[in-house]
Amino acid sequence: MMKSNATVSKNIIFSLSLIFSSICFNSQAAEIQGNPEAGASKVRLCIGCHAIPGYRSSVPEIYTVPMIGGQSSGYIVSSLQAYKKGERKHPTMRSVAGSLTDQDMADIAEYYAAQIASSSPNKLK
Ligand code: HEC
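Numbering-wise, my numbering puts 93 at position 93 of the sequence shown, and it's gapless, one number per residue.
1) According to the neighbour-count rule (16 or more other Cβ atoms, all chains shown, within 10 Å of its Cβ), is tyrosine 75 buried or exposed?
2) What is the rounded straight-line gap between the Cα of isoleucine 116 and the Cα of alanine 97?
3) Take leucine 45 and list the residues in its own chain whose beta-carbon comes closer than 7 Å to its own, dropping the five residues that flank it on each side.
4) Under a three-way DSSP split, which group does cysteine 96 fall into?
5) Closer than 6 Å by C-beta to alanine 38: which residues in its own chain qualify, once you throw out the five before and the five after it? Chain order, please.
6) What number of angstroms, rounded off, separates the C-alpha of isoleucine 68 from the C-alpha of histidine 50?
7) Among the candidates Gly34, Val65 and Ile32, whose CA atom is the shortest distance from the CA of glycine 48?
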């Protein structure tokens with residue numbers, strides 16, 4: 001009797017762990033992918049401050065803002081997350097990053113990562 005109860009609970013635990021690991025697997029599979037085209041429509045807020053190639057020459061003052069065009073997308077996302085969490089303190093960037101979802105950050109990061117010196121001119125510059 002004891003033995004069969006133990007077997008039943010082992011089976012339950014085994015089933016639960018299968019369910020749990022499939023949930024984990026699914027959330028990994030759904031890891032956020034950035035889309036540069038979607039990003040292009042989300043950077044209006046950023047272009048007033050951040051220089052991207054071709055943009056900085058017309059507005060020299062923005063040299064004081066770090067250039068993010070051509071940065072790696074991973075670096076851009078982790079910087080934005082750091083502002084959002086308060087690990088990086090710049091007040092404007094904190095409120096800007098605070099308004100972005102994880103998907104926004106991924107899209108924007110892919111967009112900026114593609115803005116290298118040799119990339120074709122884009123309408124938002
Ligand atoms: C009002 C001006 C302003 C706006 C608008 C703005 N930024 Fe910034 N951003 C800055 C400044 C200034 C810094 C440097 C802050 C610091 O020293 O931490 C910065 C830093 C960053 C950094 C870190 C760069 C590095 O080299 O570490 C990233 C990434 C970034 N901004 C992305 C964005 C994105 C994406 C947007 C639009 C959604 C945006 N910013 C909008 C002014 C701005």
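For each residue, glycine too, the CB sits at the ideal point set by N, CA and C.
Concretely, from the data shown:
1) Position 75 of the sequence shown holds residue 75. Answer is exposed; the Cβ neighbour count stays below 16.
2) To locate residue 116, count along the sequence shown from 1; it is residue 116. To locate residue 97, count along the sequence shown from 1; it is residue 97. In a straight line, the C-alpha of isoleucine 116 is about 23 Å away from that of alanine 97.
3) If you number the sequence shown from 1, residue 45 lands on position 45. Counting only Cβ-Cβ distances below 7 Å, and skipping sequence neighbours, we find Val96.
4) What you label residue 96 is simply residue 96 of the sequence shown in a count that begins at 1. Before going on, a small fix: residue 96 reads as valine here, not cysteine. In the three-state reduction of the DSSP assignment, valine 96 falls in the helix class, which pools H, G and I.
5) Counting from one through the sequence shown, the residue named residue 38 turns up at place 38. Excluding positions up to five away in sequence, the list reads Asp107.
6) On the sequence shown, residue 68 is found 68 positions in, with the first residue counted as 1. On the sequence shown, residue 50 is found 50 positions in, with the first residue counted as 1. Those two C-alpha atoms are separated by around 7 Å.
7) For this step, residue 48 is matched to residue 48 along the sequence shown. From the listed residues Gly34, Val65 and Ile32, the smallest Cα separation to glycine 48 is found for Val65.
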